[in-house]
Amino acid sequence: MAGRPADGPAKKSRDNPAGNPANGLAAKLKLSLDEDQLMNCMRCGFCLPACPTYRETGVEAESPRGRIALMKAAFDGVMEPAAGFIEQMDHCLGCRACETACPADVKYGRLLEQARDAIEDAPGVRSGWARVLRRAVFRGVFPHPRRMRLLGGALKLYRRSGLARLARASGALKLLPPHLAEMERILPDAAGDGVVARVGPRLAAAGGEPVAKVGLFRGCIMDILFTDTNVRTAELLAEAGFEVVIPDAQVCCGALHAHGGDTAAARELARRNIRAFREAGVDHVVSNAGGCGALLVEYGHLLEDDPEWADDAAWFAARVIDVAELLLRRGRPLAFASPEPVRVTYQDSCHLRNVMKSSGAPRALIAGVEGADYCEMKEADRCCGSAGIYNITQPEMSGAILESKMEHANATGADIILTSNPGCLLQMKLGVARHGDPSRTDAMHVVDFLHERLRRSNVKHS
Ligand code: SF4
Ligand code: SF4
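In terms of my numbering, the sequence shown opens at residue 3 and continues consecutively.
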């Protein structure tokens, strides 16, 4: 945090949005919120039908327009922000569907982050063990790849040593809130090693001269829970003619920090990632997780007021691309064939669609698989209720949104629900367990589905 000069109040900055830590939430909001964005909202309400929380409740305060009105009232000093204000900011999924519907181009996602930053920063607003635990995990574990791998190893041990069976059989899981006990069942087997341990730091392009040199963003949770997906992402890219490097100095993207009101931590992680990929000299930074990619693509904005990093952040952001988009746009054509007929549907990752603006590429790749019958799901562009850790912190609203989602998913008759983000994937698995038929329906990452159906050549690992 910036220090306070002797001759006046501390300067407001993104690392120190409040300037004076003694201020309450109202003062924090006054200093954090972007007045231009608040003023841009003309209250037309075009965003309301796009908003999942408004659609579930029909309550104006649960809509983007309502939340912006609350922020503006607090900013103007006509309302003292209290528990109701904080609750509405917490209820927002951060899916940013409202931005795509807004004719005035209101940057709602930025306003939300600024509001959450103020809430986290204001003294006495957040307290208790939940905040302490979250800070400890977000700052003490996620940014440290080695600690993440230790966590992955512990999860692996839990699953494979019989401890998981014991916990279930003994009823110990009943001590957890029901939604957490359900989650325990759908978590994949953690590998505990990570993509670099599997394939090395570099894969040579198949078929001669590389099309481009790309850096794989491996993620933090992604790399311990979905290591296989990371490996397959690297292999698909190499098959499509890309030289793939996986810089080992990269860290967590910072999305959970930024969305949870810890922008300072997100900025620090951004700097470390930019340095890692800059040094690797890549043409593209490839993400296979919509939630991570959406923050990576906004690093330019995140560090725009940092004179030392602004140019490098813009360099980095301009190179971020989702794996499906890159395969389709620049890769050598790959042939995919399903060994047996399969009906599939696709659930958009909100951040991939609404922030990275990619929705056609995954669909085009899936529909191009020989033997796959692609069926578009009604309202596939609506949030599934996962939203980072929303399904843990707001289980009721998340559960209601998931129930509607699964009605549409089940109506497609799909054997496999595909998606492009680990959080959405787990939520879809939860949805199948709760409202579907796990014996006939599965949920998969698009990369895993494509990789299983790839007609391969040869990829060299090094
Ligand atoms: S981010 Fe999503 S949940 Fe939040 S206000 Fe916008 S549309 Fe509604
Ligand atoms: S669509 Fe945009 S301008 Fe209209 S109410 Fe929503 S946020 Fe405001």
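For each residue, glycine too, the CB sits at the ideal point set by N, CA and C.
Only a predicted model underlies this, so the values are computations on that prediction, with no experimental measurement involved.
Does residue i pass the burial test, meaning 16 or more other C-beta atoms within 10 Å, or should it be called exposed?
i    : result
E454 : exposed
E115 : buried
E245 : buried
G477 : Residue 477 lies beyond the stretch modelled for the chain, which goes from 3 to 464, so this question has no answer here.
R45  : exposed
W131 : exposed
D123 : buried
M91  : buried
D135 : In the sequence under discussion, the amino acid at residue 135 is Leu, which differs from the Asp named in the question. With fewer than 16 other Cβ atoms within 10 Å, it is exposed.
A337 : exposed
G156 : Note on identity: in this sequence residue 156 is Ala, with Gly being the wrong assignment. Its Cβ having fewer than 16 others within 10 Å, A156 is exposed.
A1   : Here the chain covers residues 3 to 464 and nothing more, so residue 1 does not appear.
N66  : For clarity, residue 66 is Pro in the given sequence; the question names Asn instead. Buried is the call here.
D307 : exposed
P364 : buried
P83  : buried
What did DSSP end up calling residue i once you bin it into helix, strand or coil?
i    : result
L50  : helix
A372 : According to the sequence displayed, residue 372 carries Glu and not Ala. Looking at E372 - three-state DSSP - the assignment turns out to be strand.
S34  : helix
V247 : strand
V80  : coil
S289 : strand
A305 : The displayed chain sequence assigns Leu, not Ala, to residue 305. Coil.
L168 : helix
L175 : helix
L456 : strand
D92  : helix
P105 : coil
Q252 : coil
A389 : coil
M73  : helix
M472 : For the chain, the structure presents residues 3 to 464; residue 472 sits outside this window and is missing.
R365 : helix
Give the list of continuous alpha helix (DSSP H) stretches no shorter than 4 residues that lie fully inside the region 109–163. 110–123, 131–142 and 147–162
Mind listing which residues have their beta carbon within less than 6 Å of any non-hydrogen atom of ligand 1? Chain order is fine. Every residue whose Cβ sits closer than 6 Å to any heavy atom of ligand 1 is listed here in chain order: A52, C53, P54, T55, P66, R69, C94, L95, G96, C97, R98, A99, C100 and Y110.
List, from N- to C-terminal side, the alpha helix (DSSP H) runs of 4 residues or more that fit wholly inside the region 186–244. 197–201, 223–227 and 229–241
Unbroken stretches of the beta strand (DSSP E), 3 residues or longer, contained in the region 314–348: 322–324 and 339–348
Restricting to runs no shorter than 4 residues, where is the alpha helix (DSSP H) found entirely within the region 394–451? 397–413 and 424–437
Does the count of Cβ pairs from the region 373–388 and the region 423–441 closer than 8 Å reach three? yes
Do the region 409–416 and the region 371–383 touch if we need at least three Cβ pairs shorter than 8 Å? yes
Any 3 or more C-beta pairs closer than 8 Å across the region 282–293 and the region 346–359: yes
Are the region 78–93 and the region 221–239 touching by the rule of at least three beta carbon pairs closer than 8 Å? no
Could you tell me whether the region 139–147 touches the region 211–218, where touching means 3 or more Cβ pairs closer than 8 Å? no
Is it a yes or a no for the region 270–279 touching the region 326–337, going by three-plus beta-carbon pairs under 8 Å? no
Does the region 395–412 come close enough to the region 70–83 to have 3 or more Cβ pairs within less than 8 Å? no
Mind the definition here: the region 151–166 touches the region 190–210 only if three or more C-beta pairs lie below 8 Å; say whether that holds. yes
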